[in-house]
Amino acid sequence: MVTRRQTFRLYPNKPQEKALFGARRLHCYLYNACISHRQTEYKHNHKSITYFDQQNLLPAFKAEWVEFAALHSQTLQTTVKRVDLAYNAFFTGQRGKPKFKSIRNYSGWGYPAKSGWKVDSTGKHGTVKLNDLGITLKMRGQAKDWGIPTTLMIVYKPSKRQWFASFTVEVATPDSRFGSESDLAYESIAAYDLGTETALTLFDGAEFEEIENPRFSHKNDEKVRKAAKQKRRKRAPKKGVKASRRWKKINKRESNLKAKVARQRKDWQHKVTSDIASRYDIGVTEKLNTKGMTHTAKKGSKRKAQKAGLNKSILSVGFGTLNKMISYKIEQKGGLVLQLPTRIIKPSQRCPKCGTVHKEWAELKNRYHICSDCGFEVPRDQGSAMVMYNVATNQQPGLGTSLDSLGCFSATSETRKTVSMKQLGQKKRQKSSAMADGVSKTPSAIAVR
Ligand SMILES: [Zn+2]
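Under this note's numbering, the letters of the sequence shown match residues 1255 to 1703, in that order.
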């Protein structure tokens, strides 16, 4: 059983939305009342109020404030719990002191169990019934994985004026989108290099695959810039001065454009990474330091503009995100991702054929590499992918043979696993022998420790 969160957009009609707003207001009142209760008790009686104190007061509270009686008692408990969590975060120093929340930005409420609501959906669109409000809401959206919904959160986004239903869903099978578990043979290996001109260069031992950077922002940059320029000419909000109607209008246009670019990028990233994860069981990449790569150039440096441009395209492809997405998608289907230590391997400076390290290859302007030792010719990014592939498959000249000694890590696991090629081989053998025995073992059961 895997738990996932799935969100659908809700389409309430007028009376339904009124009911939703009403419930939201009450939950906001309750939230603020709980904070006020804790504050006054502490101030006047030096007493710390706990979650259970407040939960036990709920029946009396409902008797006093009859409008709350209509709401499902578990949803009220969830809101009380929210206050408790906020205080816990405060006491442990993770967050500031809980504040009263304004109704304008109050996000919503939750149903912590299966009672009080009923969803009718096959994973695509459908309806959800909220028993306490007596309404059945239309919802639209498509879940990536659908199963048994166990909890529900009703969320309002004030900036968009939209309502959402967010479910936690118990899904029986592991992610089948990226290939099925029984097909895993740990045989298909792909090494990929993330770049700026070519977003991703992949090598699987036989052929190269290059995925171009789509540069969405460049198309929309002009529009965003135009909107920003117009906005500067309108009356912006200042202390004591309200923003003009025109400023608000253009401000909205600008943020919508930016949101559009973000959506396009995310969509593209998912398509590219799902495709790769569905085809390969082992991914090999270098341990990327995007933070370091996007550092601004030193003051007065001639490379400043150049570096700024590079930064922009690194950030616009969402380098780290691509890498992370491939990793989690491969691991979700039970595969493995190796992160090679860049400083030791030096994929972009090493000749894939003879292993010689050429310092001058490090410069980004050198897009095409010709080895002075062996004469091997390769475009920069393809060369990097090749070196990484060779290292993972133990074929790279000029480097030690054990991945252990190179300090390779599986990328996304919480506990860093050191993986050697020997262990990979064992994993592979176990897998094939298990299949020969007719016993199917899950990859987690044979995970490398
Ligand atoms: Zn060479």
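For glycine and all other residues, C-beta sits at the position ideal for the given N, C-alpha and C. In this text the structure is predicted, and so the values were computed from the model without any measurement.
Can you say whether residue i is buried or exposed, counting buried as having 16 or more other CB atoms within 10 angstroms of its CB?
i	result
I1598	exposed
I1303	buried
Q1636	buried
F1421	buried
Y1341	buried
A1419	buried
S1369	exposed
F1345	exposed
N1310	exposed
G1546	Low confidence applies here, because G1546 scores a pLDDT of 49, under 50, leaving its location unreliable; read the following figure in that light. Under this definition G1546 is an exposed residue.
N1577	buried
Y1643	buried
R1278	buried
S1509	exposed
S1638	buried
H1281	buried
L1339	exposed
K1552	Because K1552 sits at a pLDDT of 49, beneath the cut-off of 50, its placement in the model cannot be relied upon, and the point is left open.
D1521	exposed
G1362	buried
Taking 8 Å as the cut-off, is the CB of residue i close to at least one heavy atom of ligand 1?
i	result
K1607	yes
F1418	no
G1629	yes
T1610	yes
Out of the options, which has the shortest C-alpha to C-alpha gap to residue i?
i	options	result
N1467	K1372, L1592, D1399, Q1523	Q1523
P1352	T1390, R1336, G1364	R1336
I1580	P1601, R1621, S1602, D1529	D1529
R1604	N1299, Q1396, A1616, K1372	A1616
L1456	E1321, R1279, Y1410, Y1534	Y1534
R1486	N1505, V1320, G1494	N1505
T1647	L1312, F1630, T1539	T1539
P1601	K1541, K1583, G1589	K1541
G1380	D1521, Q1396, V1526, K1587	Q1396
C1625	L1618, R1634, K1619	R1634
P1651	T1610, R1259, G1629	T1610
C1628	C1608, R1621, H1612	C1608
K1316	P1412, G1347, F1630, Y1283	Y1283
R1394	T1261, Q1649, P1595	T1261
R1258	Q1586, Y1360, E1318	Q1586
N1359	S1413, K1525, G1347, Q1649	S1413
I1443	R1263, L1590, L1653	L1590
Which same chain residues, not among the five before or five after residue i, have their C-beta less than 7 Å away from its C-beta?
i	result
P1269	none
Q1308	C1288, H1291, V1334
P1266	L1274, L1391, W1417
L1511	N1474, K1477, V1478, A1481
Y1285	T1333, R1336, V1337, K1355
A1324	D1386
Y1365	H1326, Q1328, T1329, W1371, T1405, L1406
K1583	F1432, T1527, S1528, A1531
G1449	T1455, D1635
K1514	N1474
Apart from the five residues on each side of it in sequence, which residues of its chain come closer than 8 Å, Cβ to Cβ, to residue i?
i	result
P1491	A1497, W1501
T1376	W1400
A1367	Q1328, T1404, T1405
V1495	R1489
E1295	K1301, S1302, I1303
K1383	W1371, K1372, V1373, D1374, I1389, T1390, L1391
Excluding five sequence neighbours on each side, which residues of the same chain lie with their C-beta closer than 6 Å to the C-beta of residue i?
i	result
K1272	none
R1349	A1343
M1640	F1457, P1606
F1249	The question about residue 1249 has no answer here: the residues shown for the chain are numbered 1255 through 1703.
E1614	none
P1697	Confidence at P1697 is low in this model, with a pLDDT of 36, below 50, so the placement of that residue should be treated as unreliable; the coordinate-derived value is given next. Once the five neighbours on either side are set aside, the close Cβ partners of P1697 are G1588.
K1619	none
Q1484	I1504
I1389	Q1270, A1273
Y1622	P1633
Any beta carbon from chain D within less than 9 Å of residue i's own beta carbon?
i	result
G1377	Given the protein chain composition of this structure (a single chain), no chain D is represented.
Counting only runs of 3+ residues fully inside the segment 1366-1406, write out the beta strand (DSSP E) ranges in chain order. Taking 3 residues as the minimum length, the beta strand (DSSP E) runs contained wholly in the segment 1366-1406 are 1371-1374, 1378-1384, 1389-1396, in order along the chain.
Fill in: Runs of alpha helix (DSSP H) wholly within the segment 1587-1636 (minimum 4 residues, chain order)
As far as the segment 1587-1636 is concerned, its whole alpha helix (DSSP H) runs of at least 4 residues are 1596-1599.
* Within the segment 1460-1515, note down every full alpha helix (DSSP H) run reaching 4 residues or more, in order along the chain. => Runs of the alpha helix (DSSP H) inside the segment 1460-1515: 1470-1486.
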